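According to our numbering, the sequence shown is numbered sequentially starting from 1. From the three backbone atoms N, C-alpha and C, an ideal C-beta is built for every residue, glycine too. Bear in mind that the values here come from a model prediction, so they are computed numbers and not experimental data.
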Amino acid sequence: MRARLDEMVNHSLHHGRAVPAFTCYDFTTATALVEAAEEMKHSIALLVAPRTASRPDGLRLISALRGLADEASVPVSIQLDHAKDLQVIHAAVRAGADAVLADGSTLDFETNIALVHAASDLVGPDVVLEAELGGLPGDEDKAFINQASGITDPGQVEEFVRRSGAHLLAVSVGNVHGHYKGRPEIRWDVMGLIAQQSQVPLVLHGASGIPRQDIARASSFNVGKINVNTELRTEILSTIVSSAGDHQMDGENLAGLLTDWSGAAKLFGSRMLAILTSDTDTSRETGGFRQSPVASILPN
Ligand SMILES: [Zn+2]
1 MRARLDEMVN HSLHHGRAVP AFTCYDFTTA TALVEAAEEM KHSIALLVAP RTASRPDGLR
61 LISALRGLAD EASVPVSIQL DHAKDLQVIH AAVRAGADAV LADGSTLDFE TNIALVHAAS
121 DLVGPDVVLE AELGGLPGDE DKAFINQASG ITDPGQVEEF VRRSGAHLLA VSVGNVHGHY
181 KGRPEIRWDV MGLIAQQSQV PLVLHGASGI PRQDIARASS FNVGKINVNT ELRTEILSTI
241 VSSAGDHQMD GENLAGLLTD WSGAAKLFGS RMLAILTSDT DTSRETGGFR QSPVASILPN
């Protein structure tokens, strides 16, 4: 069902959970993830990278995801991820995206705020805007080894959120896109300081490789959305590599290959949802962070 991403996030945080957000390059993966979310009765976000949106079939993929989300039995948001180009943002929202990460993290502070304002003016109040403060190293679509850099300055957070008007804030606290160089060293001390300064929920990108127990407890730092991409791609690609030969021998059985592909994506989505929903208690202390009203129509 259609729901605002910020409301989904606030609702999940109220239950001590974060909403998982998965990058989708194709419809098979997206359908499998929605099936996993429906079985777990949990909301999810489907992310589309700007390079995907800019493909010749990119806007049609977003429109297809829009239909998938609207027909789902749980809230599903379609978010354009890491976008800087206003034309791509406009086209993606017209095609059906209901949320956008207007990513000015590589820009200076004022220009970053200006990008969020420009995106807001373009898409209007019905589209949920995430902003990013502090740059995340690494490529969204190809996983190479990266070292953390560009930690978000907690001292800038209150002013940035207030002046940008963003609904969600992505932060850099030792997280990277792609593979971590050595053990991930997430700066939970900095995350705590940021959480105290931010009037809106936080978003953790680059969750692939972060220990499961850290992902499970992130919501206690007001992290309401967790973006996963690399590990999902790893699961799908290794499944394709290991089963493609058998399906080729089995009469060029493309449908069989897609069934395996879908199964790998669904299993990964289910596992991630299980991590995020484990050990939670609706009455749990949420650390005193401000909670927004919960939309009663939303399941967990
Ligand atoms: Zn990201």
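- Uninterrupted alpha helix (DSSP H) stretches at least 4 residues long and entirely within the segment 64 to 136 occur at 86 to 95 and 109 to 123, given in chain order.
- Put simply, the backbone Cα of alanine 207 is about 13 Å away from that of threonine 234.
- If one requires a minimum length of 3 residues, the beta strand (DSSP E) runs lying completely within the segment 153 to 202 are 168 to 171, in chain order.
- In this structure, the C-beta of asparagine 222 stays at least 6 Å away from each heavy atom of ligand 1.
- Taking 7 Å as the cut-off, the Cβ atoms of proline 137 and valine 173 do not count as close.
- Pairing histidine 205 with asparagine 227, the inter-Cα distance amounts to about 5 Å.
- With a cut-off of 6 Å, the C-beta of asparagine 175 is classified as distant from ligand 1, since no heavy atom of the ligand falls inside that distance.
- When C-alpha distances from isoleucine 236 are compared across Ile275, Pro154 and Leu267, the shortest belongs to Leu267.
- Taking C-alpha positions only, threonine 111 is separated from valine 157 by approximately 15 Å.
- Relative to ligand 1, the beta carbon of histidine 179 is positioned no closer than 6 Å to any heavy atom.
- Shortest gap from the CB of asparagine 112 to any heavy atom of ligand 1: 6 Å or more.
- When rounded, the separation of the alpha-carbon atoms in alanine 114 and threonine 259 is 45 Å.
- For alanine 218, no alpha helix (DSSP H) segment is defined, and its DSSP state is neither H nor E.
- For histidine 82, the CB contacts under 7 Å within the same chain, skipping 5 residues up- and downstream, are Ala49, Pro50, Leu101, Asp103 and Glu140 in chain order.
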